[in-house]
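Report on the following structure.
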Amino acid sequence: AQSVTQLGSHVSVSEGALVLLRCNYSSSVPPYLFWYVQYPNQGLQLLLKYTSAATLVKGINGFEAEFKKSETSFHLTKPSAHMSDAAEYFCAVSDRSNDYKLSFGAGTTVTVRA
Amino acid sequence: EAQVTQNPRYLITVTGKKLTVTCSQNMNHEYMSWYRQDPGLGLRQIYYSMNVEVTDKGDVPEGYKVSRKEKRNFPLILESPSPNQTSLYFCASSYAPQGNYGYTFGSGTRLTVV
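Top line first, the protein sequences correspond to chains A and B. Counting in the numbering used here, the first sequence runs from 80 upward without gaps. Counting in the numbering used here, the second sequence runs from 14 upward without gaps.
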């Protein structure tokens, strides 16, 4: 069975600073990996996904993530934070061993300081 | 517009009073799923459906029922709600195999059981 660990439940960054959200996964077979964003009072929106093509994945709103198999990681980054990036971010993994069920991490809330 | 529609958005009910949360998608997706979101726990899968008349338990199915009589609809039924089912619920859908595509989420239903 697969699982996801997000390091840090809260991250605070200054506007213009680097955003780095950490995600480590476990999976017995090649995984699919996702980052979702949840703005206040909204559903989850797909930011980006890794599905065994390029290891560096670019998503919406300037975010990108790198799949590192040796480290079992899929960290999310954005070079320069904007106030509109304040939200909760979820890392998720799925694989064929469990009907491709999407398993989520506990989430990381990002606060952006002016 | 391609979307997953959940109703109601907010619901307050009393212990033991049966309720149904509806979910409908207009993307002809085969896969549908229900999640509950609780602080610090991320999203946990309640039930999922691979296609019409095919449903299966997720990680936290106790106290819930689902049905999939039509491809577009996947209602969540709480036969006898209890306070520990107070949560934020999300319906999601995807093409199959959903691992390649990620999910489209509804806007959520905030349920309070008193």
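In this text, a Cβ means the ideal position worked out from N, Cα and C, and glycines have one as well.
Once DSSP output is grouped into helix, strand and coil, what is the label at residue i?
i, result
"G55 (chain B)", "strand"
"Q98 (chain B)", "helix"
"R175 (chain A)", "helix"
"M45 (chain B)", "strand"
"K180 (chain A)", "coil"
"T122 (chain B)", "strand"
"F25 (chain A)", "Because chain A in this structure spans residues 80 to 193, residue 25 (chain A) falls outside the shown range and cannot be described."
"Q38 (chain B)", "strand"
"V73 (chain B)", "coil"
"F113 (chain A)", "strand"
"A105 (chain B)", "strand"
Quick one: Cα of residue i to Cα of residue j, how far?
i, j, result
"Y48 (chain B)", "S88 (chain A)", "20 Å"
"K31 (chain B)", "Q19 (chain B)", "17 Å"
"T125 (chain B)", "A132 (chain A)", "43 Å"
"A193 (chain A)", "F142 (chain A)", "20 Å"
"M40 (chain B)", "Q16 (chain B)", "7 Å"
"V83 (chain A)", "M162 (chain A)", "27 Å"
"E83 (chain B)", "Y44 (chain B)", "12 Å"
"L54 (chain B)", "F183 (chain A)", "9 Å"
"F113 (chain A)", "T33 (chain B)", "30 Å"
Just the chain C side, please: which residues come within less than 9 Å of residue i by C-beta, in chain order?
i, result
"F142 (chain A)", "Chain labels in this structure do not include chain C; the protein chains are A and B."
Subject >> Contact residues within the stretch 47-62 of chain B, judged by C-beta distance below 9 Å to chain A >> reply: Y48, Q50, P52, G53, L54, G55, L56, R57, Q58 and Y61
**OP:** Tell me the start and end of each unbroken beta strand (DSSP E) in the stretch 126-164 of chain A that is at least 3 residues and wholly inside, in chain order.
**Re:** 135-137, 143-147 and 152-157
Original post:
Listed from N- to C-terminal order along the chain, which residues in the stretch 176-193 of chain A have their beta-carbon within a distance smaller than 9 Å of any beta-carbon of chain B?
Top reply: D178, Y179, K180, L181, S182, F183, G184, A185 and G186
Original post:
Between the stretch 80-95 of chain A and chain B, which residues of the former have CB atoms less than 9 Å from a CB of the latter, in chain order?
Top reply: V83, Q85 and S88
**OP:** Report yes or no: do three or more beta-carbon pairs, one from the stretch 86-106 of chain B and one from the stretch 115-122 of chain B, lie closer than 8 Å?
**Re:** yes
Original post:
Are the stretch 95-109 of chain A and the stretch 171-188 of chain A in contact at 8 Å, needing three or more beta carbon pairs?
Top reply: yes
Original post:
Counting pairs of Cβ atoms below 8 Å between the stretch 90-99 of chain B and the stretch 68-78 of chain B, do you hit three or more?
Top reply: yes
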